[in-house]
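Residue numbers (this note's numbering): 3 to 171.
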């Protein structure tokens, strides 16, 4: 856990300082959501119930998810919490886009466990929305990866091309 805090602080300081991570690697910030989400599910399986520790870890993962994806309106005009963080990184497909699927899947699983515990309509809707989003992200990344295999792999086995080059998606 201490290692996670050190890495978390170090990388989040790069958001506002002059020492930026390149635009292609910015989806890696989304991996911060995965650790507390996985810890939520692990603690639930160890403890046998969704207790206060699980709720704290779940809300930490929700906070990180919202801080990375929220809109910059109103009071939330901080440099670290903006969707434009990923704007340059999603212009061209790369393998780092897969950093969105893993954390989102575990966040959806943790939200399902939370919804089962609290039995609230809002929590169930949140779990449903995150689950659907996770599935859509996974399938779209699979399709993009198949279509862009030529640019992702040095010597691909197969390539979707029209004779003039690979198809741009």
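A virtual CB, placed ideally from N, CA and C, is assigned to each residue, including glycine.
- With a beta-carbon spacing of about 12 Å, residue 42 and residue 67 fall beyond the 8 Å limit used to define contacts.
- In this structure, the alpha-carbon of residue 54 lies about 35 Å from that of residue 143.
- Scanning 125, 102, 126, 148 for the CA closest to the CA of residue 70 turns up 102.
- Taking the Cα positions, residue 31 is about 16 Å away from residue 40.
- CA-CA distance, residue 35 to residue 107, rounds to 10 Å.
- Per DSSP, residue 39 is one residue of the alpha helix (DSSP H) stretching across 36-49.
- In this structure, 115 is the residue among 29, 104, 115 with its C-alpha nearest to the C-alpha of residue 128.
- Looking at 109, 37, 45, 46, the one whose alpha-carbon comes closest to that of residue 133 is 109.
- Comparing alpha carbon positions, the residue from 105, 125, 113, 120 closest to residue 139 is 105.
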